[in-house]
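Enquirer: In the numbering used here, the protein residues as written are 22 to 112.
Mind looking over this structure? Questions follow.
Written as structure tokens, this is what we have:
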């Protein structure tokens, strides 16, 4: 049975391939999951030839994560409750 991509929920959103259906790239998937569990890992750099599933894997993983609140018009998508963000807004 071939996995199918989830249908987009809005007209501007592309279909997302399920994370669990990504075959291979086990080291990349493990690094991404560890970074979610412990953000102190400091990020993951993903490199590879075209067509190896980098973007597909990231989109699939992002689709699993909960939505977050971000400060309006903040280019860095920071937490609106962050003291630095509040100070910059002048509140």
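Using N, Cα and C, we set each Cβ at its ideal position, and we do this for glycine too.
All figures in this text were calculated on a predicted structure; none of them were measured in a lab.
Using a 10 Å radius around the Cβ and a threshold of 16 neighbouring Cβ atoms, would you call residue 55 buried or exposed?
Expert: Residue 55 is exposed by the Cβ-count criterion.
Enquirer: Return the chain-ordered list of same chain residues with a C-beta closer than 8 Å to the C-beta of residue 97, the five sequence neighbours on each side being excluded.
Expert: Closer than 8 Å at the Cβ level, and outside the excluded window around residue 97, lies no residue.
Enquirer: When DSSP labels each residue in this structure, what does residue 58 get in the three-state scheme?
Expert: Residue 58: helix per DSSP, three-state reduction.
Enquirer: Quick one: using the 10 Å Cβ neighbour count with 16 as the cut-off for buried, is residue 49 buried or exposed?
Expert: The residue is buried, with at least 16 neighbouring Cβ atoms inside 10 Å.
Enquirer: So the alpha helix (DSSP H) residue 110 belongs to, where does it begin and stop?
Expert: Unbroken alpha helix (DSSP H) run through residue 110: 104-110.
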